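In terms of this note's numbering, the sequence shown has 43 at position 12, counting the first letter as 1, and numbering is strictly consecutive.
Even glycine gets a Cβ: it sits at the ideal position worked out from N, Cα and C.
Since the model is a prediction, treat every value here as computed from it, not as a measurement.
Heads up: the structure comes next, in structure tokens.
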Amino acid sequence: MELKEILLLSFCSKRVQKSIKQQFRIEFNKGFRITCGMNDPRMCHWQDEDEKRLELIVDHKENDKKVISWKYVNSLENLDLLNEFKFLEEKYSYEACDIDLKPGFTFEINGLRCRCSISLDLKSGIPTLYFEKNVMKKWPMELHKYCVELFRTTSDLEMIMNLNDSSDLHENQTIKDSYLHNSLENLDPRIVDEFFEKANIQNSFSTVMQRLEGFVGDDSKLWNIPNVFIPNSWVHARQLIRFTGKHANFSVGDYRDDVTQDLNAFLKHWLNSDNTNLETLVVRGSCSSTKGLFDGIQTSRWDPAKRQAKYVSNVPFETLWEYRFGEGCRFSNYLSFWPNELDCTDAFDIVRQSDGLIASIKVDISAFFMFVWHSRFPSSTIFQ
């Protein structure tokens, strides 16, 4: 039986649930992911924008498995079938679309009693459950908890979301990795700050295309996320001192063309701080003068006796979620650094006097690189 069939079977009774837990075990996986439909009307949708789905993560590629989908409606008694199945009719426009909706189900999951209707996708057989909106904030996380216990997987949760719709989030919802759908809409930065108040992101946050009308707040919880990839101008260069994580890749939005002065202030702040988390920082912006960048800062050139020539990167971003025209949304491989960017033989080194930590700085007209040497030679343990 397939995963989606086993999950539906488990809803039959607690005895069936117990039997599945005892006899069924999933092979290698990385936990579950909740994926919301893209809601930007200017993007070609490959998933109903109102649909949410639970997927088992295997390799962030074609082996990931869709388990179940769900949608919220105003009323199950007055369900508008033509409206709910409009996306399916467009998806299978060259085939007969036979709507088979089973109404009136009631089941209990982790103490939450749910009324729903159910339909099956014509091609994949994946079930879609229809709920009334009063369970909107309860169902997704209870389903995730249920599946973790049923299939005995890791409790780590990924989410792919629209920044302007956090309706599926509980307050202070714990998420390991968060990806945003691409969007051409410019959003109020207060939406970002509100999102991070709800989402407790433990490992990484990334977006490929989502613009803001300004910058995130100085007190935003974005600054506390360990690994951040934001190629759009969400932050001002003067805010870089707020970042307390390990790895960050920012494009800085600034009212001036040159961010040299702000980067100089950031380096001075790091030299006088006790921040031992930072490992790599990439800032996409104009830095026209190394003299101005290192004003008031003592630098030195590479000394083979003090560190190795090439930095060993431990950046976790191996894949990014992005939209590609004609292909839809998918995970694509991402190279955090080109080999020449990790070559620090031509970098400027700075040393923090309080603990002797060395950072190598590389800069060109459009990018600033900072590599912190928590381990200086291959024989040492890297990034503990």
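A straight-line Cα-Cα distance of about 45 Å links L302 and E173. Under the 8 Å Cβ criterion, the region 376 to 392 does not count as touching the region 272 to 285, having fewer than three qualifying pairs. Sixteen is the threshold: since fewer than 16 other Cβ atoms of the shown chains lie within 10 Å of the Cβ of I328, the residue is exposed. Listed in chain order, the alpha helix (DSSP H) elements of length 4 or more contained wholly in the region 295 to 324 are 321 to 324. In this structure, the alpha-carbon of K83 lies about 6 Å from that of K102. For the options E108, K61, F368, the alpha carbon positioned closest to that of N94 is the one of K61.
For R146, the uninterrupted beta strand (DSSP E) run begins and ends at 143 to 151, by DSSP. The region 51 to 65 and the region 182 to 192 touch, with no fewer than 3 CB-CB distances between them shorter than 8 Å. Rounded to whole angstroms, the Cβ separation of L143 and I99 is 15 Å, and the two are not in contact under 8 Å. In this structure T307 is not in contact with A340, their Cβ atoms being roughly 24 Å apart against a cut-off of 8 Å.
In the three-state DSSP reduction, K83 falls in the strand class (E or B).
With contacts defined by Cβ atoms closer than 9 Å, N263 and T291 do not form a contacting pair. Apart from sequence neighbours up to five positions away, the residues of its chain that approach G276 with a beta-carbon distance below 8 Å are W254, N255, I256, P257, N258, V259, N308, L309, ordered along the chain. Per DSSP, the continuous alpha helix (DSSP H) segment holding Q48 begins and ends at 45 to 54.
Note that the C-beta distance between E33 and K96 is below 9 Å. Distance from the CA of R183 to the CA of K252, rounded to the nearest whole angstrom, comes to 31 Å. Membership of M172 in any beta strand (DSSP E) is not indicated; the residue belongs instead to the alpha helix (DSSP H) covering 170 to 182. The alpha carbon of N165 has as its nearest neighbour, out of L194, L243, V104, the alpha carbon of V104. Counting the other Cβ atoms within 10 Å of the Cβ of T185 gives fewer than 16, which makes it exposed. Within the same chain, and ignoring the five residues on either side of F42 in sequence, the residues whose Cβ sits closer than 7 Å to its Cβ are F138. Here the alpha carbon of H212 sits roughly 19 Å from the alpha carbon of Q204. Here S397 is not near G323, since their CB atoms are 9 Å or more apart. For S100, the uninterrupted beta strand (DSSP E) run begins and ends at 96 to 104, by DSSP.
Inter-residue distance for G248 and S344 is about 29 Å (C-alpha atoms, whole angstroms). Each residue's CA atom was taken as its position, placing L38 and G245 some 44 Å apart. By the Cβ-count criterion, S304 is exposed, with fewer than 16 other Cβ atoms from all chains shown falling within 10 Å of its own Cβ. By the Cβ neighbour-count rule, P158 is buried, with 16 or more other Cβ atoms within 10 Å of its own. Taking 9 Å as the cut-off, the beta carbon of S235 is found closer than this to the beta carbon of S209. Put simply, the backbone Cα of F227 is about 29 Å away from that of D289. Separation of the CB atoms of D250 and R269 is rounded to 14 Å, and the pair is thereby denied contact status at 8 Å.
Between the beta-carbon of I149 and that of F162 there is about 10 Å, and that puts the pair past the 8 Å contact cut. Residue range 230 to 237 is occupied by the beta strand (DSSP E) that includes N234.
If you ignore the 5 residues before and after I232, its C-beta comes within less than 7 Å of the C-beta of I206, S209, I256, all in its own chain and listed in chain order.
The straight-line gap separating the alpha-carbon atoms of T311 and F368 is approximately 10 Å.
Between V394 and T321, the beta carbon gap of about 6 Å places them in contact (Cβ cut-off 8 Å).
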